[in-house]
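Under our numbering, the first residue of the sequence shown is numbered 48, with each subsequent residue one higher.
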Amino acid sequence: MKIREFRNEDWEGVWNILQQVFRSGETFPNDPNTSESEARDYWVSKPKFTYVAIQDGTIVGSYHLKDNQIGLGSHIANAGYVVSPNNRGRGVGTALADHSLNVAVNKGYTAIQFNLVVSTNNASLRLWNKFGFTTIGRIPKAFSYKDKGLVDAYILYKELK
């Protein structure tokens, strides 16, 4: 698997994954019916850095990295990750996580914070625990899960060296 910076020609593959993830209504707060232009703005245009994971010529995952806050809070990163449903459990998320943490350090971020990790997203919670993230907060009933109703979300944090 190769991870590299996003190129415009990657959009179709990234959009295919984002559509599936957003429509599932399980991990991202985005409207399940998010339009393609809204998704591109969210995933590619606003973040500072976007990367894709490619295996056998197919995009199997992506992440974006951005400032968690503006101005005086911009030294802490925030990121979002998606893996193609057909490629979960194959190390794509782990590879994206490892790559993103190295990029964050190289870009000068001192820490990384995830503001909304859904409490039912066990795979994500296990992954970030493995990478040494700490849960610094719980937001009660923060996520409107399509099948389970309102569920809690966590704020995760890791200092970068």
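Glycine included, every Cβ here is placed at the ideal spot set by N, Cα and C. Predicted, not measured: the structure shown is a model, and the values here were computed from it.
- Bridge pairing for R51: V99 [DSSP].
- With a 10 Å radius around the Cβ and a threshold of 16 neighbouring Cβ atoms, I64 comes out buried.
- Assigned with DSSP and collapsed to three states, D145 falls in helix.
- Relative to V91, the option among G60, T105, G72 and I186 whose CA is nearest is G60.
- For the pair T141 and L174, the Cα-to-Cα distance works out to about 7 Å.
- The three-state secondary structure of P94, taken from DSSP, is coil.
- Contact fails between the region 105 to 117 and the region 79 to 87, because fewer than three Cβ pairs, one in each stretch, are under 8 Å apart.
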